[in-house]
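One structure is given here, and the rest of the page talks about it.
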Amino acid sequence: MGISLDLYDCEQPMKFDYNPETIEKKWQNFWSQNKTFKTDINTNKPKYYVLDMFPYPSGAGLHVGHPEGYTATDIIARYKTMKGFNVLHPMGWDAFGLPAERAAMRSNQHPATLTKANISNFKRQIQQLGLAYDWDREICTSDPEYYRWTQWIFLKLYEKGLAYLADVPVNWCPAQQTVLANEEVVDGKYVETGDPVEKKVMRQWMLKITEYAEQLLEGLEGLDWPQNVKDMQRNWIGQSKGLLIDFKLSEAAESIEVFTTRPETLMGATFCVVAPGHAIVQHVQHEYKALVDAYCKKVANMSDRDREMAAAKEKTGVFTGLFVDHPLIDKKIPIWVADYVKLGYGTGAVMAVPGHDERDHAFAEKFELPIIEVIDDNNHLIHSEGYDGQSVEDAKQGICNSLIDLGIAKETITYKLRDWLFSRQRYWGEPFPMYYDDQGQVCTVSQKELPVVLPTIDAFKPTEDGEPPLARAKDWLQFETPDGTMTRETNTMPQWAGSCWYYLRYMDPKNSDAPFSFEAQQYWGQVDLYIGGLEHAVSHLLYSRFWHHVLYDCGLVSHREPFKKLFNQGMILAQSYRDGLGKYYHESEVYEKKGQYFSKDGDEALTTMVEKMSKSKLNVVNPDEVVSSYGADALRLYEMFMGPLDMTKPWQMNGVKGVYHFLQRVWRLSVDVESNQLSEDIVDECEPSNEWLTALHQTIHKVTEDIESLKFNTAIAQMMSFLNLCKAEKQIPKAQWALFIKILSPFAPHISEEIWAIMGFESSISRAQWPSALEQYLTSAKVSINLCINGKKVTTLMVDKDISYEEAEGMFKTNEKISSKMNGMHIKKLIHVPNRLINAICIK
RNA sequence: GCCGGGGUGGCGAAACAGGUAGACGCGCCAGAUUCAAAAUCUGGUGGUGGUAACACCGUGUCGGUUCGAUUCCGACCCUCGGUACCA
0 MGISLDLYDC EQPMKFDYNP ETIEKKWQNF WSQNKTFKTD INTNKPKYYV
50 LDMFPYPSGA GLHVGHPEGY TATDIIARYK TMKGFNVLHP MGWDAFGLPA
100 ERAAMRSNQH PATLTKANIS NFKRQIQQLG LAYDWDREIC TSDPEYYRWT
150 QWIFLKLYEK GLAYLADVPV NWCPAQQTVL ANEEVVDGKY VETGDPVEKK
200 VMRQWMLKIT EYAEQLLEGL EGLDWPQNVK DMQRNWIGQS KGLLIDFKLS
250 EAAESIEVFT TRPETLMGAT FCVVAPGHAI VQHVQHEYKA LVDAYCKKVA
300 NMSDRDREMA AAKEKTGVFT GLFVDHPLID KKIPIWVADY VKLGYGTGAV
350 MAVPGHDERD HAFAEKFELP IIEVIDDNNH LIHSEGYDGQ SVEDAKQGIC
400 NSLIDLGIAK ETITYKLRDW LFSRQRYWGE PFPMYYDDQG QVCTVSQKEL
450 PVVLPTIDAF KPTEDGEPPL ARAKDWLQFE TPDGTMTRET NTMPQWAGSC
500 WYYLRYMDPK NSDAPFSFEA QQYWGQVDLY IGGLEHAVSH LLYSRFWHHV
550 LYDCGLVSHR EPFKKLFNQG MILAQSYRDG LGKYYHESEV YEKKGQYFSK
600 DGDEALTTMV EKMSKSKLNV VNPDEVVSSY GADALRLYEM FMGPLDMTKP
650 WQMNGVKGVY HFLQRVWRLS VDVESNQLSE DIVDECEPSN EWLTALHQTI
700 HKVTEDIESL KFNTAIAQMM SFLNLCKAEK QIPKAQWALF IKILSPFAPH
750 ISEEIWAIMG FESSISRAQW PSALEQYLTS AKVSINLCIN GKKVTTLMVD
800 KDISYEEAEG MFKTNEKISS KMNGMHIKKL IHVPNRLINA ICIK
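Per numbering that gives the first Met the number 0, the first sequence starts with residue 0, numbered consecutively.
Encoded structure:
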């Protein structure tokens, strides 16, 4: 044994060469044993709260897209710590959700068991990336100690009248035996499985998010969020200001109320359209009744999506036989019922102005209804008796006023936003803290009795009579009180519930008296930086803002908005390979020949695409394989080096080599690979070249700036350039080299810790102070300027900074290269852009 | 359709406030080292022409503003993401 070991050593002369596997394990253990990243309230330091959108721990594990955002926040967390901030940087699990429940149904294991296994895999994968999380603050939404407070907040919502029961048509998926959210249904199918979805009226818990529409809209103003996300939320809330106008039925006392944003087009209204199901439909008589009823019935059976798709292609509708009187002129207007008008928006009725509304226009053309233009090209009214010639603005005012004076109209604001359907007929979610008495009246579980723990049941599927799975828990379902037999709510909350407030729990995760203490909340305040994917631009970010606003109104939090700055990381794409039949091949099943890819099994030519990573496309890149070949530091570095954080970028395994190489060279420059001691070239005393010192300080400066603006790719490029420059130095002063290792450390913490230790520093580099660049090296005395003739660069010159126009002119005229290009031309005009260029306009 | 990104070498990408492209990395080529290969190191590398100095062309397309445009303006094409009759 001894002999072979010696032999081994002989064959591996560089036995202390860069070895990420050993040093990364070493430092991960060190951090966890020393609780290096543990945070507590410390009023002596400014706080900084940097948050990742916590993951849903799926069975598939992490892919290479997850660490992108995690690395970015980690760099910020480590950087801010070194800058003297008290940093909160937590991680947890959004653990309730349908996939675990479906897996449970298939394998007949408890979802909690599966979730636990998934979490431990996720945690292992995340921990091997060396992220500076305070794991003592780890939370899990499916933990009763967590969802106890989710239930508690729900009770707050209920107390404030923001939660109510309603019979609403919902997306019922027979195959899954469950109700789906709108965002889960595409083309009448469940997005996850493709199972068909139909409409079914059910009793559901709803949250009155519409009551906060105005506030949620206003709150966006002051947020440092990407413009597009704000726009998307504004669109979703969909505020529109307009007029409600009564149109009286010609032959009955009733009237219909329509909503319009363009009252100035009133004279162009040639018909009205009501949504199927509108109350006025009851007044339809005689020969029209059967047709209208049949139409309404047909539409009611369609899913929202199908209905929209169909209506977008071709307008459908039927005449009701009813007429209304035009409110201002002597004219009868027919009422039609059509599915392009929706019951849930406005009043479910519109005055159709085919001259100025595309949808109305298409409808009018199809059914040969009159089309009147009432506004000309100059934005003045025509064909509008009494208002002809007025500007749109004036006419709008005038028409509004006269309708309001007549008492048949009022100004109003409507929202596209609808109340939030908040219950699911599923097992794996938070039980509602609600029950019903024997009269069917709703009762709340008292706060002391929380949590209502999810009961254990025999199968995770609905009961035979279509009740939610929780109805299977017979012993749990009912309980006796002096007032009689009580029956618990069997719906559970949607997955969004837990993620609505998790960022608050991180502030005080162990609190057993409250979701979080007021003090903790007051100290940590808003999330200073929140990084996650764009897919949550509306849903999660709007729902959690809503809850936060409510908590604010309850006096539980001191800021109205939870997330001060938001940043969306771009998606990471990967190359996929497909044959003529559309069958996908894994990278390991293909080979490359002259830039063309072929399948190994049949030598078939394959087409390649760069697309979203997905299991079905066999192009998912697992971070584990990257870590095992190149180490976590290289993975982190590559994730950040690929390109700008917010862009979608293709994954290229070869690219990892480049950053690995960089780390290796940093290592070899720092460490004597024979002895594992500090390299002999890193010395206490020496005089580095001025170029080197300048580059060092410029690097410190650039890296600092780039971290602040989340431009990690160029920060890394700068460090690489600096390293390239180090080759020219025979010796490097230790004190200065330490500065470089410090600025590298947020990006590549393991190697930096190891080199730091080898340099003889005793405490973790994460506790070191961030260096600042010396001003004297940031400004140089010489600059290079271009000399141009007629806008074309002729030569580049190094000159003193800030030379005068006269000096520049002289320099230009005496320059040999310039003279040789003049060919008898003379200078008409000379442009001198200080420190940039001198350009002469020359003519013959 | 609408809204928002994005089109720059063989590839991922740089370029401050308009200042005269392609930083950094991958790949490729050549050399060193090696019995050889891998690894490593050194140099080169936008295209076309030329031994070369050099010349011309080059940031999706067409046009405009400017001494000067990847950057500003207008029209269009392609691509990715979001969204969907919102009255």
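By construction, the Cβ of each residue, glycine as well, lies at the ideal position given by its N, Cα and C atoms.
Task: Stretch-stretch touch, CB-based, cutoff 8 Å, three pairs: the segment 84-103 with the segment 137-151 - done: yes
Task: Per-residue DSSP class, three states only, for Pro110 - done: helix
Open item on the list: Tell me which residues share the same chain as Ser615 and place their Cβ nearer than 8 Å to its Cβ, disregarding the 5 neighbours each side in the sequence.
Closed with: Tyr583
Open item on the list: Beta-carbon within less than 8 Å of Leu113's beta-carbon, same chain only, minus the 5 sequence neighbours each way: which residues are those?
Closed with: Gly58, Ala99, Ala102, Ala103, Ser106
Task: Cut-off 7 Å between Cβ atoms - residues of its own chain near Arg544, not counting five sequence neighbours on either side - done: Leu215, Gly218, Glu560, Pro561
Open item on the list: Since Thr269 and Pro369 should fall inside the 8 Å C-beta cutoff, what is the C-beta to C-beta distance between them, to a whole number of angstroms?
Closed with: 5 Å
TODO: With a 10 Å radius around its C-beta and 16 neighbouring C-beta atoms as the bar for buried, classify Asn43 as buried or exposed.
DONE: exposed
Task: Whole-angstrom distance between Asn120 and Gly60, CA atom to CA atom - done: 7 Å
Task: DSSP-derived helix/strand/coil call for Pro195 - done: strand
TODO: In angstroms with no decimal places, state the Cα-to-Cα distance between Asp507 and Phe421.
DONE: 26 Å
Task: Rounded straight-line distance, which links the Cα of Cys399 to that of Phe53 - done: 50 Å
Task: Contact set for Glu67: own chain, Cβ-Cβ below 7 Å, skip 5 residues either direction - done: Gln568, Ile571, Glu638
Open item on the list: Suppose contacts are defined by Cβ-Cβ distances below 8 Å. Is Ile817 in contact with Leu773 by that definition?
Closed with: no
Open item on the list: Is it the case that the segment 315-325 contacts the segment 247-263, given that we only count it when at least three CB pairs across the two stretches are under 8 Å?
Closed with: yes
Task: Per DSSP, the bridge partner or partners of Cys685 - done: Partner(s): none; Cys685 has no beta bridge.
TODO: Compare the C-alpha of Val167 against each of Val451, Lys159, Val178, Pro173 and name the closest.
DONE: Val178
TODO: Quick one: which unbroken alpha helix (DSSP H) runs of 4-plus residues sit fully inside the segment 268-299? Chain order, please.
DONE: 285-299
Task: Neighbourhood of Ser771 by C-beta distance below 8 Å, restricted to the same chain and skipping five residues each side - done: Ile699, Thr703
Open item on the list: Out of Ala747, Ala714, Lys729, which one is the CA nearest neighbour of Glu684?
Closed with: Lys729
Open item on the list: I need the straight-line Cα distance from Phe711 to Phe84, nearest angstrom please.
Closed with: 20 Å
- [ ] Can you have a look at Gly1 and say buried or exposed, based on whether 16 or more other CB atoms are within 10 angstroms of its CB?
- [x] With a pLDDT of 32 at Gly1, under the threshold of 50, the modelled position of that residue is not reliable, and the figure given next carries that caveat. It counts as exposed.
- [ ] Could you check the C-alpha separation between Ser557 and Phe760 for me, to the nearest Å?
- [x] 42 Å
- [ ] Within the same chain, show all residues whose beta-carbon is closer than 6 Å to that of Met608, passing over the 5 residues directly before and after it, in chain order.
- [x] Ser575
Open item on the list: One question on the structure: do Leu148 and Pro514 come within less than 8 Å of each other, judged by their Cβ atoms?
Closed with: According to the sequence shown, residue 148 is Trp rather than Leu. Yes. Within cutoff.
TODO: Identify whether Gly316 lies in helix, strand or coil by the three-state DSSP scheme.
DONE: coil
Open item on the list: Rounding to the nearest angstrom, what Cα-Cα distance links Met251 and Leu97 in this structure?
Closed with: The sequence shown places Ala at residue 251, rather than the Met named in the question. Roughly 51 Å between the two C-alpha positions.
Task: Range covered by the alpha helix (DSSP H) that runs through Val877 - done: The requested residue 877 does not occur in the structure, where the chain is confined to residues 0 to 843.
Task: Straight-line gap, Leu469 to Asp457 (C-alpha atoms, nearest Å) - done: 10 Å
Open item on the list: Quick check: what's the CA-CA separation for Ile526 versus Tyr78?
Closed with: The amino acid occupying residue 526 in the given sequence is Val; Ile does not appear at that position. Going by the C-alpha atoms only, they are around 16 Å apart.
Task: Gln214: first and last residue of the uninterrupted alpha helix (DSSP H) it sits in - done: 212-218
Open item on the list: Quick check on Ser587: buried or exposed, where buried means 16 or more other Cβ atoms within 10 Å of its Cβ?
Closed with: exposed
- [ ] Kindly confirm or deny that the segment 407-417 and the segment 235-247 touch, where touching means at least three C-beta pairs closer than 8 Å.
- [x] yes
Open item on the list: Considering only the alpha carbon of each residue, which of Glu534, Met433, Ser538 lies closest to Arg487?
Closed with: Met433
TODO: Report yes if the C-beta distance between Tyr776 and Thr693 is below 8 Å; otherwise report no.
DONE: yes
TODO: Check Arg577 in the structure and name its three-state DSSP category.
DONE: strand
Open item on the list: I want to know whether the segment 589-604 touches the segment 624-632 - three or more CB-CB distances under 8 Å.
Closed with: no
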